[in-house]
Amino acid sequence: MRWNEDEKSEAELCCNCRQNLHPAGGGHSLDGTVATGPKETTRSGSGDRKTVSPARRALPSIPTSAQLLEAVRRMTPAEAQQAMRHRVVPISWEPGRVSFVAAGERAKAYAAEQGLTVSAIATERTMLRELLAGQESELTNHALWGLKNRFPHYSAAQAFAAKEALWLVLGLALIAFGMMWDRATGEVVAFAVMLALFALAIGVKIWSLLPAKLPQPPAATKFADDDLPVYSVLIPLLREAKVADQMVRAMGALAYPQAKLDVKFIIEAEDQAALKFFDGLRLPSHTEVIIVPKSVPQTRHKALNFALPFARGELIAVYDADSVPTPDQLRRIAAAFALAPKTVACLQTQLAYYNRNENWLTRQCAVEYAYLFKLLFPRLAQFGSPLLFTGVSAHYRTATLRQAAAFDAHNMARDSGLSVRLARMGFRTALVPMITREEAPCRFRDWMAQRVRWVKGVLQTAIVNMRSPVKMWRELGGRNFLLTQALTAGAIVVALLHPFFLAWIASTAVLLMLDIEAASRLWLFLLALYGLVASFAYMVAMASAIRATLFLGRNVSWVTTILTAPLYWLMISAATWLAVLQYFTAARHWAKTPHGMSRMKPQVAEKRQKE
């Protein structure tokens, strides 16, 4: 059975269940009680039938695990969606008579609201276990291929389509032919293209330095508890035992009503340490663990897709294992969504590192994040451009996320592909000036693995969205099309060429100094021009870094951080080359970033959720 996790109204889901499975006469319980609407019938010991009023109805029975699993496997797609969100499963005790098994008080209240006959009950843990077991293949298929099945042109499941491969081969052949035909002219053309790309990157940097003001989110007290929407929080975990307790405490500190909160810790089936940790916890009723069976690729996006059908919230927040949101974040984001147009599909909070002063590498990462979230992203948000958000501490309208087919399990970037896809579908992403803290990689090998994965994902996003550039231009508009290209393909090409650009300037200068008489005016002009562009590019990049550090506090350590930033930029170039190589050799390889490596720990509020 295949099903799509499209958004359906509760009325439609329940109507489908009543039409398909709930004939007149109601359901049957394990003690022999047959539900018939306002009255029920039972069989006495002698076999005689007698009428029992609803007030004297027998208590619901508890089905065995085998009975519940069989009922789960028989569900239609509409029933499966309803069961995962609301924990009511249709069950047939005898031919032609179907009622429902409910797990928990919330499920029983939902069944009563929708007019569903509950003939049996189950514990919430048992219900979740059987739902995961009975729907495993459908959930896995949806998690891996949901986007490709619905919107194949947006999916990174295929590295290169035939047309893309053809254009790549033709482009490389043309470059090789041009260099062999006239090497001097070929070099001039190649460096002219390089110059244009660097000029585009410089232009984006200068544009990002212009002031941009973000609207403040509403106060946390904007809405009363009863007016708040149900909020689902998805937290994928893989080998995160070191920070699991920190994440549980951060979720416990959220100032959001428990009755309106729906927290899902998403754990891979092979992660024995995490399973052992959560087995030893007594989680509150609004928190549960979703266990994801092993499949390839083993990405956080696949895990999110797997758990998404279980989310019952109108809004969804996605956090990493090391994320530490402020306690009032959900309340303020919910209020911001209520006041925002329906076209705003995602609200991205600003990210900062809690261990930014740990060493040179974490300070470089902190400057980079400060530039993105304090300078570049506010400008993009102001113009309604795709943010290429990180996917951490991103908040979505659930209906819109499902409409867009959710996450791309095959894209290695956090969520850059989803950001562009939402924009192409006519939705907007806004930036909210609220801080979520996380851990910066403090070891070089961890940073390199993370950066290679990020760049590989951005490359996937660029290739996927250039499958139909004319259509993309029409959907985004000229300005946003160019900005998106500059921040995806342009950024990658500039990072690839950066070390060669510097090497060419240096080597050409040395050769000309050794034989200045043989130098042509053209080469002298090009050397001066490229040197000027390189100098200007570094000046603008340094200005961006200096401006970003103003958000991090005034400290002498930031002076050395800025002065040594060019070394960090060369590290980014090295990671970009590794990412491109890996794209062609191991496109589906997911390099997990370990958390809990830092000596510095975040402060987590101890305030519990509001009852």
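The sequence shown stops at residue 785 when you use the working numbering, and every number in between is there. Positions of the beta carbon are idealized from the N, C-alpha and C atoms, including for glycine.
Residue i vs residue j beta-carbon contact at 9 Å
i      : j      : result
Glu613 : Asp445 : no
Leu411 : Ala443 : no
Leu290 : Ser273 : yes
Ser567 : Ala597 : no
Arg571 : Glu488 : yes
Thr735 : Thr723 : yes
Ala276 : Ala296 : yes
Thr500 : Met608 : yes
Ala715 : Ile666 : no
Asp620 : Pro768 : yes
Ala519 : Pro392 : no
Asn729 : Asn531 : yes
Lys438 : Ala485 : yes
Run of the beta strand (DSSP E) containing residue i, from where it starts to where it stops
i      : result
Leu592 : Note, Leu592: premise wrong, no beta strand (DSSP E); alpha helix (DSSP H) at Ser590 to Arg598.
Cys616 : It is not in any beta strand (DSSP E) - Cys616 carries neither H nor E in the DSSP assignment.
Glu442 : Leu435 to Glu442
Leu513 : That residue, Leu513, is in no beta strand (DSSP E); its alpha helix (DSSP H) goes Gln503 to Leu513.
Thr500 : First-last for Thr500: undefined, no H or E at that position.
Tyr405 : Tyr405 to Leu411
Ala519 : Val518 to Tyr527
Arg571 : Ala568 to Arg571
Backbone CA spacing between residue i and residue j [nearest angstrom]
i      : j      : result
Ala702 : Gln522 : 43 Å
Gly770 : Glu414 : 8 Å
Met368 : His672 : 9 Å
Asn639 : Phe372 : 22 Å
Leu676 : Ala660 : 21 Å
His584 : Trp319 : 9 Å
Pro197 : Gly270 : Residue confidence is low: Pro197 scores 32 on pLDDT, short of 50, so the model does not pin down where it sits. No coordinate-derived value is stated.
Thr517 : Lys630 : 29 Å
Thr738 : Val668 : 19 Å
Val407 : Leu243 : 27 Å
Val470 : Ser709 : 45 Å
Arg506 : Ser459 : 23 Å
Ser245 : Pro264 : In the sequence under discussion, the amino acid at residue 245 is Ala, which differs from the Ser named in the question. Straight-line Cα distance between these residues: approximately 7 Å.
Ser731 : Ala540 : 12 Å
Leu546 : Ala366 : 28 Å
Asp582 : Phe551 : 22 Å
Gly201 : Gln241 : Because Gly201 sits at a pLDDT of 36, beneath the cut-off of 50, its placement in the model cannot be relied upon, and the following sentence gives the value as read from the coordinates. Cα-Cα distance, rounded: 15 Å.
Ala252 : Val262 : 12 Å
Met124 : Leu561 : Since the first and last residues shown for the chain are 175 and 785, residue 124 lies out of range.
Phe325 : Met249 : 26 Å
Gln193 : Ala283 : Caution applies to Gln193, whose pLDDT of 39 falls short of 50 and renders its modelled position unreliable; the model cannot decide the point.
Arg595 : Gly664 : 19 Å
Ala578 : Gly705 : 46 Å
Leu457 : Leu384 : 47 Å
Ile440 : Ile465 : 6 Å
Arg617 : Phe397 : 43 Å
His327 : Met713 : 40 Å
Arg576 : Ser772 : 36 Å
Ala209 : Gln390 : With a pLDDT of 34 at Ala209, under the threshold of 50, the modelled position of this residue cannot be trusted, and the question is left open.
Glu462 : Ala331 : 30 Å
Trp628 : Leu592 : 14 Å
Lys766 : Arg648 : 37 Å
Val363 : Val707 : 16 Å
Ser590 : Glu312 : 26 Å
Nonlocal neighbours in the same chain, by C-beta distance under 7 Å from residue i, ignoring five residues either side
i      : result
Phe725 : Ala544 and Lys548
Arg474 : Pro410
Met622 : Ala749
His763 : Gln756
Leu504 : Tyr405, Leu428, Tyr430 and Ala491
Leu650 : Ala597, Arg598 and Thr658
Asn479 : His316, Ala317, Gly320, Ala580, Phe581 and Ala583
Gln556 : Ala386
First through last residue of the alpha helix (DSSP H) which encompasses residue i
i      : result
Met608 : That residue, Met608, is in no alpha helix (DSSP H); its beta strand (DSSP E) goes Arg602 to Glu612.
Ile746 : Ala739 to Thr759
Arg530 : First-last for Arg530: undefined, no H or E at that position.
Arg762 : No alpha helix (DSSP H) holds Arg762; DSSP gives it neither H nor E.
Met421 : Ala415 to Gly426
Phe452 : Gln446 to Asp453
Ala555 : Phe551 to Gln556
Own chain, CB closer than 6 Å to residue i, minus 5 neighbours either side, in chain order
i      : result
Tyr528 : Arg611 and Pro776
Leu204 : Confidence is the limiting factor: at Leu204 the pLDDT is only 26, short of 50, which leaves the residue's position unreliable and the question unanswerable from this model.
Any chain D beta carbon closer than 9 Å to residue i
i      : result
Leu402 : Here there is only one protein chain, and chain D is not present.
Closer than 8 Å: residue i CB and nearest the ligand PLP heavy atom
i      : result
Ala665 : Ligands in the displayed structure: none, and consequently the ligand PLP is not present.
What residue ranges within the segment 467-493 form continuous alpha helix (DSSP H) runs of no fewer than 4 residues, ordered along the chain? The qualifying runs are 474-481.
message = Quick check on the DSSP output: what are the complete alpha helix (DSSP H) runs of length 4 or more inside the segment 232-311, in order along the chain?
response = Whole alpha helix (DSSP H) segments, 4+ residues: 239-247, 251-260, 278-288 and 298-308.
Exercise. Enumerated in chain order, which unbroken segments of the alpha helix (DSSP H) with a length of 4 residues or greater are wholly contained in the segment 609-683?
Worked result: Qualifying alpha helix (DSSP H) stretches, in chain order: 618-639, 643-650 and 652-659.
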